[in-house]
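Colleague: Before I ask anything, let me first share the structure, which is written out below as structure tokens.
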Amino acid sequence: MVSIILASHGKFAEGLLQSAQMIFGEQDQIKTVTFMPEEGPEDLKAKLETAISSFSSDAEILFLVDLWGGTPFNQANILFEEMSERAAIVSGMNLPMLLEALGTRMGMEKAHEVATHILGQEQSGIRVRPDELTPEIEAGVVSESGGAAQLEPGTVIGDGQIKYVLARVDTRLLHGQVATGWVKSVNPTRIIVVSDKVANDEMRKTLIKQAAPPGIRANVIPIAKLAEINEDPRFGGTRALLLFETPQDVLEAINQGVDIDEVNLGSMAHTKGKVMINNSVSVDDDDVKTIMELKDKGVKFDVRKVPADSAQNLERLLKKQNLI
30 MVSIILASHG KFAEGLLQSA QMIFGEQDQI KTVTFMPEEG PEDLKAKLET
80 AISSFSSDAE ILFLVDLWGG TPFNQANILF EEMSERAAIV SGMNLPMLLE
130 ALGTRMGMEK AHEVATHILG QEQSGIRVRP DELTPEIEAG VVSESGGAAQ
180 LEPGTVIGDG QIKYVLARVD TRLLHGQVAT GWVKSVNPTR IIVVSDKVAN
230 DEMRKTLIKQ AAPPGIRANV IPIAKLAEIN EDPRFGGTRA LLLFETPQDV
280 LEAINQGVDI DEVNLGSMAH TKGKVMINNS VSVDDDDVKT IMELKDKGVK
330 FDVRKVPADS AQNLERLLKK QNLI
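Under the working numbering, the first residue of the sequence shown carries the number 30, and numbering increases by one thereafter.
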């Protein structure tokens, strides 16, 4: 995995890493280096050298710096000259860029590859409302019209079976941890929020569609519609990330014939009468009953907030709180 050094004027790098880890989870092989007002270039160079030495001697290193030509860049550039075959520098770092780097380094082994990729994605984190302010050449990248629904009924795409790459229970539905962390992890072509309640709320539907990451469409549909899509061969080429507000909605979808064999319990908000079983999931008696019904149907559970977290054992969590 490519190692990353974030270097900035002031504590920007530290804050950026904190924000990224709220979305992507705790990260290994990443260091922050700050250039403070009372320090000189040599002080910063020493900090960079310390960060580099914390990695293995042959580590691939990506430097993300705040400003091209600034002191963090200049000092990183001096060290880069000594390791140019296994290092790369990208300036103008921001949160979307860092998240892109964290996701990309999971599947790339070279700093040059990661740098090339995130440079090509540079515009993806810059979006604007109202939509008409977006240049036409960029608007086509952000969203594509069309889809399976425009094909003639009975058309078979691929093997005719929609693939569910993740089915997640999350009270907040589509937010940063999903739009960035899980999307990078499971690589869906479409995000589908499945909820009878939200499907009838035009404001929430609009906000969810606007929160979709660039290049991926988000839809909000009732449970019965998902059951219909599940049997539609026109969706055979679709890799769908399903988002449910409650385990009860998951159970209803399965009862209507949707093929879900594993559920990620990511975030179930604490409200009166619910018990916290970890730092992001709370349940009441009805939730526990529903979870056990799903288990009896052969559904497996993955209790994780973000992909980088270690999966927790659901039964153990419930037993610890004397809920089963």
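Heads up, the beta-carbon is just placed ideally off N, CA and C, and yes, glycines get one too.
Please confirm whether I245 and T218 have their CB atoms less than 9 Å apart.
Modeller: A contact, by the Cβ cut-off of 9 Å.
Colleague: So, with DSSP's three-state summary, where would you put I90?
Modeller: Strand at I90.
Colleague: Counting pairs of beta carbons, one from the stretch 198-208 and one from the stretch 241-259, are three or more of them closer than 8 Å?
Modeller: As far as the Cβ criterion goes, the stretch 198-208 touches the stretch 241-259, which means the pair count is three or higher.
Colleague: Mind checking which residues open and close the alpha helix (DSSP H) that includes V222?
Modeller: From DSSP, V222 is part of no alpha helix (DSSP H) but of the beta strand (DSSP E) over R219 to V223.
Colleague: On the DSSP letters alone, give me the boundaries of the alpha helix (DSSP H) that E281 sits inside.
Modeller: Unbroken alpha helix (DSSP H) run through E281: P276 to N284.
Colleague: Have a look at S83, E114, L128 and E68 and flag the residue whose alpha-carbon is nearest the alpha-carbon of Q104.
Modeller: Measuring from the Cα of Q104, the nearest candidate turns out to be E68.
Colleague: In the structure shown, what three-state DSSP assignment does F273 receive?
Modeller: F273 falls in the strand class under three-state DSSP.
Colleague: Give me the Cα-Cα distance between S339 and V94, rounded to the nearest whole angstrom.
Modeller: About 30 Å.
Colleague: Just confirm the distance between the C-beta atoms of M112 and I147, as a whole number of angstroms; I'd bet it's less than 8 Å.
Modeller: Going by Cβ atoms, the distance from M112 to I147 rounds to 19 Å, so no, they are not a contact pair.
Colleague: Helix or strand or just coil, what does DSSP make of L294?
Modeller: The answer is strand: DSSP assigns L294 an E or B state.
Colleague: Can you give me the C-alpha to C-alpha distance between S37 and V62, rounded to a whole angstrom?
Modeller: One C-alpha to the other measures close to 7 Å.
Colleague: In terms of residue numbering, what span does the beta strand (DSSP E) encompassing N248 cover?
Modeller: Looking at the DSSP string, the run of the beta strand (DSSP E) that includes N248 is R246 to I250.
Colleague: Under a Cβ-count criterion, where at least 16 other Cβ atoms within 10 Å of its own Cβ denotes burial, should V170 be classed as buried or exposed?
Modeller: Low confidence applies here, because V170 scores a pLDDT of 31, under 50, leaving its location unreliable and the question unanswered by this model.
Colleague: From the DSSP output, which residues share a beta bridge with Q341?
Modeller: In the DSSP output, where bridge partners are listed per residue, Q341 has V332.
Colleague: Who are the Cβ neighbours of F273 in its own chain at under 6 Å, not counting the five residues just before and after it?
Modeller: Only V198, V223 and V279 meet the Cβ criterion.
Colleague: What residue does the beta strand (DSSP E) around K60 start on, and which one ends it?
Modeller: Unbroken beta strand (DSSP E) run through K60: I59 to F64.
Colleague: Residues in the same chain with beta-carbon distance under 8 Å from L124, minus the five sequence neighbours each way, listed in chain order, please.
Modeller: Here the set comprises L45, S48, A49 and G154.
Colleague: Indicate whether the contact test is met: 3 or more Cβ pairs, each with one atom in the stretch 228-235 and one in the stretch 301-313, closer than 8 Å.
Modeller: Because the criterion of three Cβ pairs below 8 Å is not met, the stretch 228-235 and the stretch 301-313 do not touch.
Colleague: First and last residue of the beta strand (DSSP E) that includes K40?
Modeller: It is not in any beta strand (DSSP E) - K40 carries neither H nor E in the DSSP assignment.
Colleague: For F84 versus F109, is the C-beta spacing smaller than 9 Å?
Modeller: Against a cut-off of 9 Å, the Cβ pair of F109 and F84 comes out as no contact.
Colleague: Could you pull out every residue in the same chain whose Cβ sits closer than 7 Å to the Cβ of A130, ignoring the five residues on either side in sequence?
Modeller: The answer, listed in chain order, is I33, L91, L93, V143 and I147.
Colleague: According to DSSP, simplified to helix, strand and coil, what is I34?
Modeller: Looking at I34 - three-state DSSP - the assignment turns out to be strand.
Colleague: Helix, strand or coil: which one does DSSP assign to S83?
Modeller: Coil, per DSSP.
Colleague: Apart from the five residues on each side of it in sequence, which residues of its chain come closer than 8 Å, Cβ to Cβ, to A256?
Modeller: Answer for A256: A282, Q285, G286 and V287, listed in chain order.
Colleague: Going along the chain, which residues of its own chain have a beta-carbon closer than 7 Å to the beta-carbon of A140, five neighbours each way excluded?
Modeller: Here the set comprises V31, E89, I90, L91, R115, A116 and A117.
Colleague: Determine the DSSP secondary structure at D315, reduced to helix, strand or coil.
Modeller: The answer is helix: DSSP assigns D315 an H, G or I state.
Colleague: Quick one: give me the first and last residue of the alpha helix (DSSP H) that A140 is part of.
Modeller: A140 to G149 is the extent of the alpha helix (DSSP H) around A140.
Colleague: Measuring CA to CA, which of T300, S296 and A42 is closest to H204?
Modeller: The shortest C-alpha separation from H204 is found at S296.
Colleague: Distance, Cα to Cα, D87 vs K348?
Modeller: If I take the Cα positions, the gap works out to 46 Å.
Colleague: Classify D72 as helix, strand or coil using the three-state DSSP reduction.
Modeller: Three-state DSSP puts D72 in a helix.
Colleague: Taking DSSP's pairing of strands, which residues face S48 in a bridge?
Modeller: For S48, which the question treats as bridged, DSSP gives no partner whatsoever.
Colleague: Have a look at D315 and D290 and give me their C-alpha separation to the nearest angstrom.
Modeller: Rounded to whole angstroms, D315 to D290 spans 21 Å at the Cα level.
Colleague: Expressed to the nearest angstrom, what Euclidean distance is found between the alpha-carbon atoms of L73 and K60?
Modeller: If you take the alpha carbons of L73 and K60, they lie about 13 Å apart.
Colleague: Which residues bound the beta strand (DSSP E) around V119?
Modeller: Where V119 is concerned, the enclosing beta strand (DSSP E) stretches over A116 to S120.
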